[in-house]
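A quick write-up on the structure given underneath.
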Amino acid sequence: MNEILRVNLLSPIALAFVLGVVARVIRSEFSLPKEIYQGLSIYLLWSLGLQGGVELAHATFDEIARPAVVTLLIGCITPISAYLTLRYFGRFGEADSAGIAAHYGSVSAVTFIAASTFVKGMGAEPEGFMPTLLTLLESPGIHIALAIGVMRSGSKTRPTSELLHEVFTGRTMVLLVGGLIVGFLIGEKNWSTIEPFYDTKGAIFRGALCLFMLEMGLLAGARLGDLKKVGPFLLAFGMIMPLVHGALGAWLGSLAGLSVGGATMLAAMAASASYIAAPPAVRMTLPDANPTYYLTLSLAITFPFNVLVGIPIYFKLAQMTQGVP
Amino acid sequence: MNEILRVNLLSPIALAFVLGVVARVIRSEFSLPKEIYQGLSIYLLWSLGLQGGVELAHATFDEIARPAVVTLLIGCITPISAYLTLRYFGRFGEADSAGIAAHYGSVSAVTFIAASTFVKGMGAEPEGFMPTLLTLLESPGIHIALAIGVMRSGSKTRPTSELLHEVFTGRTMVLLVGGLIVGFLIGEKNWSTIEPFYDTKGAIFRGALCLFMLEMGLLAGARLGDLKKVGPFLLAFGMIMPLVHGALGAWLGSLAGLSVGGATMLAAMAASASYIAAPPAVRMTLPDANPTYYLTLSLAITFPFNVLVGIPIYFKLAQMTQGVP
Amino acid sequence: MNEILRVNLLSPIALAFVLGVVARVIRSEFSLPKEIYQGLSIYLLWSLGLQGGVELAHATFDEIARPAVVTLLIGCITPISAYLTLRYFGRFGEADSAGIAAHYGSVSAVTFIAASTFVKGMGAEPEGFMPTLLTLLESPGIHIALAIGVMRSGSKTRPTSELLHEVFTGRTMVLLVGGLIVGFLIGEKNWSTIEPFYDTKGAIFRGALCLFMLEMGLLAGARLGDLKKVGPFLLAFGMIMPLVHGALGAWLGSLAGLSVGGATMLAAMAASASYIAAPPAVRMTLPDANPTYYLTLSLAITFPFNVLVGIPIYFKLAQMTQGVP
Amino acid sequence: MNSTPLKMVVIVAEPVLETRLVTELRGLGATGFSILEGRGEGTRHSHATDVPGSNVRIETIVSDEVADLIMAHVSEHYFANYSFMAYVTDVAVARGAKYV
Amino acid sequence: MNSTPLKMVVIVAEPVLETRLVTELRGLGATGFSILEGRGEGTRHSHATDVPGSNVRIETIVSDEVADLIMAHVSEHYFANYSFMAYVTDVAVARGAKYV
Amino acid sequence: MNSTPLKMVVIVAEPVLETRLVTELRGLGATGFSILEGRGEGTRHSHATDVPGSNVRIETIVSDEVADLIMAHVSEHYFANYSFMAYVTDVAVARGAKYV
Ligand SMILES: Nc1ncnc2c1ncn2[C@@H]1O[C@H](COP(=O)(O)O)[C@@H](O)[C@H]1O
Ligand SMILES: Nc1ncnc2c1ncn2[C@@H]1O[C@H](COP(=O)(O)O)[C@@H](O)[C@H]1O
Ligand SMILES: Nc1ncnc2c1ncn2[C@@H]1O[C@H](COP(=O)(O)O)[C@@H](O)[C@H]1O
Ligand code: NA
Ligand code: NA
Ligand code: NA
């Protein structure tokens, strides 16, 4: 285990992230231009979608069916488990509980990418249709948590159509779902002409990912100051909830017949908290939920936790559930 | 023919473009940051120029002379044919007719790139000096059309020097002409050290092109609403004029001794409408020409038409004129 | 010598730079979006640091010790030599003399990169720890020159801590030092997964460098108009001072046991003038130093001089001092 | 030349609010608006945006009445929960008829 | 401290017009200007720019006379055909002499 | 609805000055500020920035007293050596108490 942890902590991604945090800690004003940061995330999501689509074309319905079902199941369980924990153990208000739950019910694409890079490095090639599962997990959790929040907090509901539209036409969905479809349609021959640029195992993708993680570190570092504002309970929540959801993901994934690599990635998805799709949706739907809570949790606690130590743990869990020595 | 069309419609470029349009149709707010979009177009033009220059160094004067002459000829014919069609069949005003004509007299570099990607995919390697022809076709048409417009509409003329300066020092010219010269001078050995990054047949160039086409789709999609404003005549004009100019290009290109690939590309150039160099020039010189007309035509009608169905047709035409089975 | 010069002047980097200058001279309004320009410089510095770190892991203390010492020595000598020349031969005020000296006491990373590209092209592979030396040379010169300036001009001192913080947490330092550490830690295996993207001898790095040099040319060209403002003395200073510092660097580098390639690069560093770290530091610490002087000198005179003719000269000098035929 | 005295309402708010605000302003009678992206600091330090402190500035030139409507509307709906600032200033606008 | 009451003319127009406007403003007596890039919506919906709705805002601080000249000039030359807005507002400027 | 008449101090300066200015403004009593990045031209043509002419605009809404303090402060410390402009304008701010 320690060996795996060490390997992960010394990976370019992890170190680039740490460097970013450190830069903020020493109060450096350095940061990637906003447009470059956005450009990188567009490139990463688009690559993910394209390659996912190409590989999806090889998958049979039977292979995907059960993993898809458990993924949707996770999308329904995690927002509720997070909500209940916050509301009844943490004694948080309706809005805050539901708002935070929306983040843990959804998924962080970068955590997904970090997990896939990790398992591939470990030689545990995941199923090609994992990006498809990613798109399935993106939104249900957000809607469930917000529904709970809107019903139970007094907050004036906004037209659901508006919210649905927001989430389904967001950057992540357009690039991932769009990429999946495009990748599915172009076929191997076309793919080969662009693969080196988009290949998520390739040097360009990984190089871009390092730069992106550097900025992620800067963003997380910028929120370190808020750690004291969130208090001990949320601090613990931000690390224990992922472990619980991760274990669930590893277990259900294995049940559904995913390989160790695939189960690890499903675990990482379940454990991760969204910080792109969820925040604006929550901000608009539950205005009285405190953004400092959910942003600090997903960006400054859960994201680093998963990338630095969580993923190796989920890998170990997946190995254990599948009885791999 | 259908086969060729299918192949083209399933190419990454075409699908990325369609995805962009669809994203706008479902009212997604996603778009590439302006700076990334500009950065991509700079990279694409610069690559085009550099490689064109390297290959130009191999061409003899005799090879280029006749293709260059017909290109300039096309630069003189197309703006006039477009102007007359609009003025006398379409009954449009002087300013609008000339303004639109300026766009069809010039060329769209992205259409050029799409065509070169297509013919190379078809195994019909075009002449290495095609980018040189592209630079020749860029500006004459604009000047001719604007001259007509200024003379015939009452619009107060601005110093021609100003207009010339504008067009000749624009982004496209600097990068294409500049790239041609640099590529011409550095020679094979230097080129080989940067080729994988700039090679217009390489994965990086094509990958970047996909992202660019995605944004092109978003821009075109954003103008779909204006389609009803332009009316049926312009709608037809935006698809029939390219066919006419395309046929002319394929025919003249073949006469000038270009290969099927080269003739197809010359046809695509002739058929294409500029949307980078022409719009500002027209806006400043013919203020009373309606931008909705010329922008919708070149971005939302002629560009998609050429990229999706036009280019394969020009390819077929080139094959026929050259008696290729 | 002429041959080497010709080779250098026909390199993609040099020509891209010249193209940028020309574009400005013909009053083109073209330029890279600011964010793309910054993104490129981040990528270049980060690559430099990473690869430097990977190679640093191979170097023994003994190999680095003496080169490091002479580098720091250069960091102490060059600001003083520059200051004295300006103050007593040039009769410039305290603030201007010290302000300009701060630029020549520091280093231009792009000149460093141009030099490394040049010597590698010449087959004179430099030591792997050169980027480490680059970080050593970045700041001492700035602090020494500013200290002189603050002491001798009446200008109100600002807290040194503030200045130190500014310089040590700047973009260049974060990316170079950070990259060195990350590269040092990840090791060969991880490095190989991202090398093609970051390899400073690779096509991506060199391709990006060309685009960056194009913008550098535009920036330099934009300052050509200020050349007459700086007057003949500074004009000469901007070309002779680099030669003196370059000779010093080549000599000390050879003494310290650097190869011809390494000594050439140390010379180029010594000869170069900073235009990223130094300007803001000087602007804040010596407000009455005229920015037109130091910016025009480093961007429009010394930088082009080094990139176009200086580096080949330093190479020749290094060969001579080391008795290479 | 003749210019009309009108009000310019300036709103500085979290980026997520842009679309909704623009729709609401049109509803309240604004004929158009100018938007600038910037950053800032105030008393409330957190936003639902990955770039902390970034905000969007929406300016709209309107009649006095519409200005009052807008100020009343935003005070009621946004001050409590959002990072939000709104102020009105006097402007003399060319072809003012266009904006009322 | 003493500040001078002056006018600030604000122009929001299509990006293509920037260079020409700046030259003309200088000609009319402006000593400088500040430029911001933004976006917007008005009554005229189309621009000759690939990014729809993007515009450039040119602000110049000038004397009352110059302000009038500028407003008259732009009204005559740009309102008819371009996406264009111009207004004047009062500002109290430090070292005002610099701007007249 | 009730809004408070306050002053908005607008500073347009070289980007290098941003951090220092923001700290000083807070020190002089500003409760917040809005920042926009732009470009411009004036009488002084050179900056310590690689993108010539780029500047940063810092706006802060404050009481009349604080406005005077700020104007006095910047006039003393920045006019001599920096590319710098500062002006004050009147604004009617919602929930004005927040800014004084
Ligand atoms: N005193 C002020 N002057 C200028 N802008 C302010 C001021 N206070 C707040 N702002 C702006 O209003 C936004 C929201 O402020 P707040 O609601 O206090 O977080 C901030 O991001 C600033 O851009
Ligand atoms: N009522 C308004 N308030 C603020 N800005 C406006 C208004 N109307 C138009 N604008 C701005 O002026 C530009 C040109 O407007 P128009 O000429 O109506 O297309 C638009 O892009 C907006 O940025
Ligand atoms: N007359 C003016 N109107 C508007 N902005 C100005 C004016 N003069 C100067 N500026 C702005 O103030 C900055 C500094 O001006 P200066 O100190 O004259 O170089 C310039 O970059 C412009 O953005
Ligand atoms: Na999750
Ligand atoms: Na054409
Ligand atoms: Na130096």
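Residue numbers (the numbering used here), protein chains in the order written: chain A, 529 to 853; chain B, 529 to 853; chain C, 529 to 853; chain D, 8 to 107; chain E, 8 to 107; chain F, 8 to 107. Glycine included, every Cβ here is placed at the ideal spot set by N, Cα and C.
Considering only heavy atoms of ligand 1, does any lie closer than 7 Å to the CB of residue i?
i       : result
E66(F)  : yes
S10(F)  : no
Y106(F) : yes
N834(C) : no
Considering only heavy atoms of ligand 2, does any lie closer than 7 Å to the CB of residue i?
i      : result
V81(F) : no
A93(D) : no
T50(E) : yes
Quick one: is residue i buried, meaning 16 or more other Cβ sit within 10 Å of its Cβ, or exposed?
i       : result
A610(C) : buried
F843(B) : buried
R619(A) : exposed
A764(A) : exposed
I768(A) : exposed
H773(B) : buried
N9(D)   : exposed
V705(C) : buried
M15(E)  : buried
I554(A) : exposed
R489(B) : Because chain B is modelled from 529 through 853, residue 489(B) falls outside the range shown and cannot be assessed.
Once you ignore the five residues that flank residue i on each side, which residues in its own chain have a CB closer than 6 Å to its CB?
i       : result
M92(F)  : V19
R552(C) : L746, G749, A750
S559(C) : L746
Y85(F)  : F91
Starting from residue i and walking both ways along the alpha helix (DSSP H), at which residues does that stretch end?
i       : result
E563(B) : 562-584
D486(B) : The structure shown does not extend to residue 486(B), since chain B spans only 529 to 853, so no value can be given for it.
R699(C) : 699-726
F733(A) : 731-751
Y632(C) : 622-633
D590(C) : 589-612
In its own chain, which residues sit with a C-beta less than 8 Å from the C-beta of residue i, not counting the 5 before and 5 after it?
i       : result
F646(A) : N536, S539, T792, I839, P840, F843
E694(C) : P808, A809, M812
Let's see if you can read the secondary structure: which residues bound the beta strand (DSSP E) around residue i?
i      : result
M92(F) : 91-101
V17(E) : 10-20
Given the structure, does residue i come close to ligand 3, in the sense that its CB is under 7 Å from one of the ligand's heavy atoms?
i       : result
A37(E)  : yes
V19(F)  : yes
N818(C) : no
Sorted by chain position, which residues of the same chain lie with C-beta nearer than 7 Å to residue i's C-beta, five sequence neighbours on each side aside?
i       : result
Y703(C) : A small correction: the amino acid at residue 703(C) is Leu; Tyr does not occupy that position in the sequence shown. Cβ within range, chain order: I570, L573, W574, G577.
Y89(E)  : A20, E21, L24
D727(C) : Q579, F733
G698(A) : A805
Please indicate yes or no: does the CB of residue i lie closer than 7 Å to some heavy atom of ligand 5?
i       : result
Y632(B) : yes
M797(B) : yes
At a cut-off of 7 Å, would you count residue i as near ligand 6, judging by its Cβ distance to the nearest heavy atom?
i       : result
V635(C) : yes
H773(C) : yes
T697(B) : no
A801(C) : yes
Inset, instruction - Quick one: which unbroken beta strand (DSSP E) runs of 3-plus residues sit fully inside the region 26-93 of chain F? Chain order, please. - result: 40-48, 61-69
Inset, instruction - Please go through the region 788-845 of chain A and give each complete alpha helix (DSSP H) segment of 4 or more residues, from N-terminal end onward. - result: 788-799, 806-813, 819-823
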